[in-house]
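Under this note's numbering, read the sequence shown as residues 171 to 371, first letter to last.
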Amino acid sequence: MTCSSSLSASSRRSNAIRQSAAFKRESTSSGIKLLSKIFIFTIITSSCSLFSDEVHLTEGQASPNFTLQDQDGKEHTLSSYQGKKVVIYFYPKDDTPGCTKEACGIRDAYDDFVNQDIVVFGISYDSAEAHQGFIKKYNLPFNLLSDSDKSISKLYGTAGTFFPMRKTFLIDENGMIKKIYSKVSVVGHGHEILRDFSISK
């Protein structure tokens with residue numbers, strides 16, 4: 171065997187080793203990312219199932235009053251919106267896939283909400299700062315309220331250990347609960363709300 175052929179074989183082995191190492195690093199990185207996504211999804215879904223069973227609101231009863239601050243620190247009291255239809259939707263966390271789809275779906279139908287004089291509030295445990303970022307990133311035209319101490323989520327029976335349960339309440343002009351969505355489909359939820367508010371006059 172000549173010196174040049176020996177060097178060529180050695181070079182090929184070195185390249186193969188480097189490619190194998192690179193493939194292993196890429197595979198490990200992809201595996202870690204996948205496991206992270208699975209872990210986050212598991213935490214969200216499991217925590218949302220651990221909601222408070224102390225409160226069971228039903229359609230036709232008065233909606234519990236509350237006061238919460240929005241993304242800009244402004245306080246909103248539910249009772250001050252009597253005379254208007256109000257949507258209160260609890261969701262797990264800002265800027266997560268399902269919550270983003272839900273919020274953007276309501277955003278895309280928001281002109282119809284305005285035309286029907288419907289007020290929309292999203293509620294999660296996120297801070298006002300997190301809400302600001304979420305609103306800015308997706309150009310959301312409605313207020314997001316911060317329930318950082320979980321008190322309102324508990325009041326509405328949606329409190330989970332780490333995140334609130336995804337649940338929507340339709341409140342009529344008299345402050346009564348017209349409809350409760352316990353199982354929310356994040357895609358098309360905005361149009362679903364508009365339809366149900368229209369037929370529940």
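Note that the Cβ used here is the ideal one computed from N, Cα and C, for glycine as well.
In this text, all values refer to a predicted model and were calculated from it rather than measured experimentally.
Burial state of residue i, where buried means 16 or more other Cβ atoms lie within 10 Å
{"i": "E229", "result": "exposed"}
{"i": "E299", "result": "exposed"}
{"i": "I363", "result": "buried"}
{"i": "F368", "result": "First, the residue type needs correcting, since residue 368 is Ser and not Phe in the sequence shown. The residue is exposed, with fewer than 16 neighbouring Cβ atoms inside 10 Å."}
{"i": "V256", "result": "buried"}
{"i": "S294", "result": "buried"}
{"i": "D278", "result": "exposed"}
{"i": "P262", "result": "buried"}
{"i": "S323", "result": "buried"}
{"i": "F332", "result": "exposed"}
Sequence-distant residues of the same chain with beta carbon closer than 7 Å to residue i, five excluded per side
{"i": "T328", "result": "F221, F260, P334, M335, K337"}
{"i": "G345", "result": "A232, S233, S249, Q252"}
{"i": "S352", "result": "K337"}
{"i": "K271", "result": "V356, V357"}
Residue i, enclosing alpha helix (DSSP H) - first and last residue
{"i": "G303", "result": "298 to 308"}
{"i": "K337", "result": "Here K337 belongs to no alpha helix (DSSP H); instead the beta strand (DSSP E) covers 337 to 341."}
Residue i beta carbon near the ligand PLP (any heavy atom closer than 7 Å)
{"i": "P262", "result": "With respect to small molecules bound, the structure shown includes none, and the ligand PLP cannot be examined in it."}
Endpoints, beta strand (DSSP E) assigned at residue i
{"i": "K348", "result": "347 to 351"}
{"i": "S318", "result": "No beta strand (DSSP E) contains S318, which DSSP labels as neither H nor E."}
{"i": "F291", "result": "288 to 294"}
Contacting residues, own chain, Cβ-Cβ under 8 Å from residue i (five flanking each side not counted)
{"i": "G303", "result": "D264, D265"}
{"i": "I305", "result": "Q241, L314"}
{"i": "G275", "result": "V356, V357, G358, H359, G360, H361"}
{"i": "Q239", "result": "E245, H246, A298, L315, S316"}
Nearest-angstrom Cα separation, counted from residue j out to residue i
{"i": "Q241", "j": "L310", "result": "11 Å"}
{"i": "S297", "j": "G243", "result": "10 Å"}
{"i": "K348", "j": "N235", "result": "15 Å"}
{"i": "T247", "j": "F291", "result": "11 Å"}
{"i": "T237", "j": "V356", "result": "26 Å"}
{"i": "G330", "j": "D281", "result": "32 Å"}
{"i": "K254", "j": "R365", "result": "16 Å"}
{"i": "V289", "j": "A273", "result": "14 Å"}
{"i": "I350", "j": "K307", "result": "29 Å"}
{"i": "P267", "j": "H301", "result": "15 Å"}
{"i": "K320", "j": "N285", "result": "32 Å"}
{"i": "L227", "j": "F339", "result": "10 Å"}
Cβ shell of residue i (< 6 Å), same chain only, five flanking positions each side left out
{"i": "F312", "result": "V290"}
Residue-level contact to chain D via CB, residue i, 8 Å cutoff
{"i": "D240", "result": "Among the protein chains of the structure shown there is no chain D, as only one such chain exists."}
What residue ranges within the stretch 214 to 280 form continuous beta strand (DSSP E) runs of no fewer than 3 residues, ordered along the chain? Scanning the stretch 214 to 280 from its first residue to its last, the whole beta strand (DSSP E) runs of 3-plus residues come out as 237 to 240, 245 to 247, 255 to 260.
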